[in-house]
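Chemist: Read in order, the letters of the sequence shown are residues 2 to 345 in our numbering. Idealized CB from N, CA, C, for every residue including glycine. On a predicted model such as this, the values are computed, not experimentally measured, just so you know. I have a structure I would like to understand better, so I am pasting it below and will then ask my questions one at a time.
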Amino acid sequence: MGNRQDPLKQRPRSHSEVPDPLREPDASFEQQELKLRAQEVFIPLAPDSGFLKRHEQTLALEDRAVVCVFGGAATGKGTTCSKFAEEIGAAYIDSGALFRTISLIAQREGFSASAEKRLLTPDGRPVEDDEEALAALVYTARNLPIRFKEQYDNASPAILIAVTSLSGEQREDYIDISSQIRDSNVADRLKPEILAATVRIQPVRAALYEFLREITPDQAVVEGRSNIFTEVYRDVHSKTALQLVADAKVRGARRLAQSLGISDEWQRLLDSRDEDVQEGLTEMTLAIQKRDLADGVEDDAKIPGVIQYDTTFNTVAQTIDALEQRAEPMLSAWRATFEKAKKS
């Protein structure tokens with residue numbers, strides 16, 4: 002990568018208190034059977050051994066190296082993370098996929114969301130007040146039946162989950178749910194209100210955090226929210242973070258172009274005067290803003306000392322260059338320590 006003028010800008014932050022670490026989910030939840038009521042039930046499986054095998058996991062969590070990238074939809078997180086991970090030989094983990102997957106599972110099982118953003122059981126009771134339903138969600142989150150199929154030529158890895166029929170016959174193949182948790186124009190997509198309601202349940206978040214810690218190898222580039230940096234990897238010594246931001250309408254154009262299979266032509270859509278294009282662009286922009294609200298993206302700006310990088314009119318290469326400038330000093334120091342420890 003070329004030597005560019007440092008594009009990173011330190012933005013003044015309010016030094017709001019970082020939330021206390023989440024407590025671990027009650028052990029009794031994991032000891033109860035998973036009881037779900039749907040035509041297809043999702044079964045808990047151990048983390049994908051293939052994923053862990055491809056990336057070394059020899060160090061204690063606090064001694065691993067983690068690069069976190071967070072920001073709103075269509076800011077370029079997926080492409081940046083996947084390509085940067087490939088360059089440095091690290092694993093790329095889409096942590097947001099974990100939260101979306103457990104939320105999609107809840108949605109498929111008939112759970113809904115109230116106006117107050119509380120997750121409701123199929124019979125309309127708040128999940129926090131239903132021990133069996135809460136236990137099922139926590140157990141599933143702690144043993145999420147998910148696999149990441151890394152695809153460095155695409156923006157994000159495919160997200161696969163395992164299912165079994167009511168008769169107990171497990172399917173051999175995992176099902177790809179990538180479009181359902183990522184694309185806003187898919188008919189059976191995850192509803193933003195259910196995502197917001199699911200992730201606000203503290204024991205579910207704690208279970209997902211622990212699952213994420215377990216699948217993190219020695220060196221990882223993690224896409225997600227700022228709480229991944231402050232809470233999941235709070236004890237990791239070698240870590241850094243970069244927040245990507247971009248104009249909402251530009252992000253809408255990017256996502257619209259992606260949905261039309263013309264990802265490289267988003268600028269043409271943005272400049273188009275065609276009424277249908279403009280209507281589609283407006284709808285996509287509103288959908289992205291709604292997703293930002295559901296994901297709590299504005300809360301990311303409250304983390305003290307976070308560096309922002311605006312990707313509105315910057316190329317992927319420029320964004321990766323910015324991430325390298327941010328991460329390389331930490332990674333170099335970590336590699337030196339890691340190699341020294343291996344030789345001793």
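Exposed or buried, Thr141, counting other C-beta atoms within 10 Å across all chains shown (16 or more means buried)?
Modeler: Looking at its Cβ environment, which holds 16 or more other Cβ atoms inside 10 Å, Thr141 is buried.
Chemist: Here's a check: name, in chain order, each residue in its chain whose Cβ is nearer than 7 Å to the Cβ of Thr313, leaving out the five neighbours to either side.
Modeler: Cβ neighbours of Thr313 beyond the five flanking positions: Ala247, Asp248, Val251.
Chemist: Please report how far the alpha carbon of Glu87 lies from the alpha carbon of Ala221, in whole angstroms.
Modeler: Cα to Cα, the separation comes out at about 10 Å.
Chemist: Just to confirm my understanding: we take Ala342, look at its own chain, exclude 5 residues before and 5 after, and list those with CB closer than 6 Å. What are they?
Modeler: Hits under 6 Å: none found.
Chemist: Let me confirm a value: Glu34 is counted as buried when at least 16 other C-beta atoms fall within 10 Å, else exposed. Which label applies?
Modeler: Caution applies to Glu34, whose pLDDT of 36 falls short of 50 and renders its modelled position unreliable; the model cannot decide the point.
Chemist: Phe230 lies in the beta strand (DSSP E); which residues open and close that run?
Modeler: No beta strand (DSSP E) holds Phe230; DSSP gives it neither H nor E.
Chemist: May I have the straight-line CA-CA distance separating Leu261 from Leu332, to the nearest angstrom?
Modeler: Approximately 38 Å, taken between the alpha carbons.
Chemist: From the DSSP output, in three-state form, read off Lys192 for me.
Modeler: Lys192 falls in the coil class under three-state DSSP.
Chemist: In the DSSP output, what is Pro127 paired with across the bridge?
Modeler: Pro127 pairs with Leu121.
Chemist: Look up Val307 in the DSSP assignment and say whether it is helix, strand or coil.
Modeler: Reduced to three states, the DSSP call for Val307 is coil.
Chemist: Taking the CB atoms as reference points, tell me whether Ala198 and Leu120 lie closer together than 7 Å.
Modeler: Going by C-beta atoms, Ala198 is nearer than 7 Å to Leu120.
Chemist: Can we say the stretch 264-277 touches the stretch 57-74, given the rule of at least three CB pairs closer than 8 Å?
Modeler: Because the criterion of three Cβ pairs below 8 Å is not met, the stretch 264-277 and the stretch 57-74 do not touch.
Chemist: Can you tell me whether DSSP reads Asp248 as helix, strand or coil?
Modeler: Looking at Asp248 - three-state DSSP - the assignment turns out to be coil, as it is neither helix nor strand.
Chemist: Helix, strand or coil: which one does DSSP assign to Met255?
Modeler: The sequence given here places Arg at residue 255; Met does not occur at that position. It is helical.
Chemist: Roughly how many angstroms lie between the CA atoms of Ala114 and Pro127, to the nearest whole one?
Modeler: Cα to Cα, Ala114 sits roughly 9 Å from Pro127.
Chemist: For a test of the three-state rule: what should DSSP assign to Phe100, helix, strand or coil?
Modeler: Phe100 falls in the helix class under three-state DSSP.
Chemist: Among Gln279, Asp219, Arg255, Asn144, which residue has its Cα nearest to the Cα of Leu60?
Modeler: Taking only the C-alpha atoms, the option nearest Leu60 is Asp219.
Chemist: Under a Cβ-count criterion, where at least 16 other Cβ atoms within 10 Å of its own Cβ denotes burial, should Gly73 be classed as buried or exposed?
Modeler: Answer is buried; the Cβ neighbour count reaches 16.
Chemist: Between which two residues does the beta strand (DSSP E) containing Ile216 stretch?
Modeler: Careful: Ile216 lies outside any beta strand (DSSP E), inside the alpha helix (DSSP H) at 203-216.
Chemist: Could you check how far apart the C-beta atoms of Thr320 and Thr81 are, in whole angstroms? I think they sit under 8 Å.
Modeler: About 5 Å; that satisfies the 8 Å criterion.
Chemist: What residues in its chain sit with their C-beta under 6 Å from that of Ala328, if we drop five residues either side in the sequence?
Modeler: Within the same chain, Ala328 has close Cβ partners Val68, Thr241.
Chemist: Does the distance from the C-beta atom of Ser96 to that of Leu213 stay below 7 Å?
Modeler: In contact: Ser96 and Leu213 (Cβ atoms closer than 7 Å).
Chemist: In whole angstroms, what separates the C-alpha of Asp154 from that of Ala208?
Modeler: Bear in mind that a pLDDT of 44 at Asp154, under 50, signals an unreliable position, so the model cannot answer this.
Chemist: Using only the alpha-carbon positions, how far apart do Thr76 and Thr231 sit?
Modeler: Rounded to whole angstroms, Thr76 to Thr231 spans 21 Å at the Cα level.
Chemist: Which of the three DSSP states is assigned to Glu340 in this structure?
Modeler: Correct three-state label for Glu340: helix.
Chemist: Using the C-alpha atoms, what's the distance from Val139 back to Leu145?
Modeler: Looking at the two C-alpha atoms, the distance is approximately 9 Å.
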